[in-house]
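> When the sequence shown is numbered by our numbering, its final residue is 457 and no position is left out of the sequence of numbers.
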Amino acid sequence: MFAFHLREPPRVEGDILTSTDPFTIRHLRVARIKPKEPFVLIHQGLRMECRLIALKHDNLRARVLYSEKPPRPRPRLLVALGLLEGRKLDEAVFVLTQLGVDSFIIFQSKRSGALRITASREERWRRKILDACEIGDIVHPPALQVVAGIDALSELGNRILGVGAHQLLFYEAADDEVRTLMDVVSEPYGGQGIIAVVGPEGGFESEEVAAFARRRFQVVSLSARILEARAAAYYIASHLTAWMGKLA
């Protein structure tokens, strides 16, 4: 059954729902939902199974057959992503949402250069998260927040996940003693939250790594092969979510 996240609040009178949300109207048209066909609408954690009454160019009407508001699960996997150029982060949050990431922090690092976090970019990332939620019928979209530095990232991550979370900094250090991702996931998972930090293209500068170390982040290596930031993020999230049993 198709599921769609309403970007704007609907009007519900009795069991009749009306919406003028242009994103949802367009998505219903693309999916070719027909009158009397069932589908799901989601808004702010409320999941409504509906049957289409009418779909016009500027509004839709549907009958609500059943609704529920499941509790938001406790976040366990937070991925912090360094700012990337162009629309690369749009793709990253879209894929990572489908892989089971619970929360995102976007941060600027020294190698972000002239890149800046803008309101339009942030809105685009949130739209891509909702697009991914519609594919997976995810009721509660991952939260997305932006921070300016490493200290703010660490403080926010611990506020979200609580004390005792695994804090992992993925960094290609030339040191044989650095643990690998395979070392991490080969151990029993104890149920703690995980903060996984993936840097920007070009990685981190040494003083940034030292700042993470002061915040008790553990440096973790992926492999001998250098991966582009998005590929690294997908590789990391796939292994961590499998380790945590989130995709089972």
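Note that CB positions come from ideal geometry on N, CA and C, so glycine has one too.
Is P351 near D311, with beta carbons less than 7 Å apart?
Cβ atoms of P351 and D311: closer than 7 Å.
> Kindly identify the DSSP beta-bridge partner or partners of I251.
Answer by DSSP bridge pairing, in chain order: H214, R256.
> Report all residues from its chain with a CB closer than 7 Å to the CB of E331; omit the five preceding and five following residues, and keep chain order.
Counting only Cβ-Cβ distances below 7 Å, and skipping sequence neighbours, we find V355.
> Can you grab the Cα-Cα spacing for the pair M453 / K243, in whole Å?
C-alpha separation (whole angstroms): 39 Å.
> Relative to the C-alpha of D224, which candidate in C259, P231, F211 has its C-alpha closest?
Closest option to D224, Cα to Cα, is C259.
> So the alpha helix (DSSP H) F379 belongs to, where does it begin and stop?
Run containing F379: none in the alpha helix (DSSP H); it sits in the beta strand (DSSP E), 375-379.
> Hey, quick one: how far does the alpha helix (DSSP H) through S329 stretch, first residue to last?
Taken as a continuous stretch (DSSP letters only), the alpha helix (DSSP H) holding S329 covers 328-345.
> Would you check if the distance between the CB atom of E217 and the CB atom of K319 is smaller than 7 Å?
For E217 and K319, no; Cβs fall outside 7 Å.
> Could you check the C-alpha separation between D246 and L261 for me, to the nearest Å?
Note on residue identity: the sequence assigns Glu, not Asp, to residue 246. Their Cα atoms are separated by approximately 6 Å.
> Contact defined as beta carbons within less than 8 Å: I believe G291 pairs with F316. What is the distance between those atoms, to the nearest angstrom?
The Cβ separation is near 6 Å, so the contact holds.
> For S276, which residues in the same chain have their Cβ closer than 8 Å to its Cβ, ignoring the five residues on either side in sequence?
Correct list, in chain order: L255, R256, M257, E258.
> Going residue by residue through the stretch 414-454, where are the continuous alpha helix (DSSP H) segments of at least 4 residues, counting only ones entirely within it?
Listed in chain order, the complete alpha helix (DSSP H) runs (minimum 4 residues) inside the stretch 414-454 are 415-423, 438-453.
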